[in-house]
Amino acid sequence: MWNPGFAYEERQNALIRGLHRALCIWSHVHRGTPERPGLVLGLDRGGSCRGVAFRVAPENWDATVDYLRRREQATSVYIEILHEARLEDGRHVRALAYRADRKHLQYCGKLPDRQLLEVIRGGVGLSGANPDYVLATHDHLDELGIPDRTLAWLSHQLRG
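The opening residue of the sequence shown carries number 14 in this note's numbering; numbering runs sequentially from there.
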């Protein structure tokens with residue numbers, strides 16, 4: 014959300030049902046290593062998720078999807094899906110999303126808050142330190158008026 018990495022024509026807050034945001038993926042590349050994993054967010058089954066949807070120009074679609082596959086599928090921990098999203102202006106669209114693959118070895122499910130904090134404090138990968146990822150995501154959600162209890166607690170602990 015806060016670092017899309019591709020050109021887009023429109024950005025809107027959006028809601029998807031049937032999936033929720035969770036720190037449920039061991040990161041072995043971007044925010045950790047196989048020896049010392051970090052944690053990253055995934056869309057996991059159940060609930061709903063408020064976030065951001067981006068519309069890309071038709072002529073940029075293939076390049077954007079290729080970019081997202083390289084970035085998000087470094088270890089094939091997500092399942093690429095098209096999911097209905099309701100945009101802030103009321104429109105319903107089909108959006109490309111990456112759902113956590115619960116059968117993948119990097120899927121960790123729901124960890125206790127204290128374990129999340131311990132893992133995040135120690136994670137560093139190709140894209141930087143795990144605490145920076147959590148703080149940037151929390152700050153961006155906060156700017157958008159989207160509450161997330163877990164990220165708020167983690168941010169408080171990391172800054173404290």
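Glycine included, every Cβ here is placed at the ideal spot set by N, Cα and C.
### Query
Within 10 angstroms of its Cβ, does Arg115 collect 16 or more other Cβ (buried), or is it exposed?
exposed
### Buried versus exposed, by CB contacts within 10 Å (16 or more), Gly60
exposed
### Task
State the DSSP-derived secondary structure class of Glu97, mapped to helix, strand or coil.
strand
### Query
Does DSSP put Asn26 in a helix, in a strand, or in coil?
strand
### Task
Please state whether DSSP places Tyr21 in a helix, a strand or coil.
coil
### Message
Taking the straight line between their C-alpha atoms, what separation do you get for Gly158 and Gly64?
### Response
10 Å
### Query
Looking at the unbroken alpha helix (DSSP H) that takes in Arg112, where does it start and where does it end?
No alpha helix (DSSP H) holds Arg112; the beta strand (DSSP E) holding it covers His105 to Ala113.
### Task
Please classify Ser89: does DSSP put it in a helix, a strand, or coil?
coil
### Message
Using 8 Å for Cβ pairs, my map puts Leu32 next to Arg58. What's the rounded Cβ distance?
### Response
6 Å
### Task
Taking all protein chains shown into account, decide if Gly173 is buried (16 or more other Cβ within 10 angstroms of its Cβ) or exposed.
exposed
### Query
Counting along the chain, where does the alpha helix (DSSP H) carrying Gly60 start and finish?
No alpha helix (DSSP H) contains Gly60, which is instead part of the beta strand (DSSP E) from Gly51 to Arg68.
### Query
Do Leu54 and Ile38 come within 9 Å of each other at the CB atom, strictly closer than that value?
yes
### Message
For a test of your reading of the model: does the CB of Arg82 fall under 8 Å from any non-hydrogen atom of the ligand HEM? Yes or no.
### Response
In the structure on display, the ligand HEM does not appear, and there are no ligands present to speak of.
#### Entry: Span of the alpha helix (DSSP H) around Gln170
Arg162 to Arg172
### Query
Should Gln128 go down as buried or exposed, given a rule of 16 or more other Cβ atoms within 10 Å for buried?
exposed
### Task
Could you check what DSSP says for Val78 in three-state terms: helix, strand or coil?
helix
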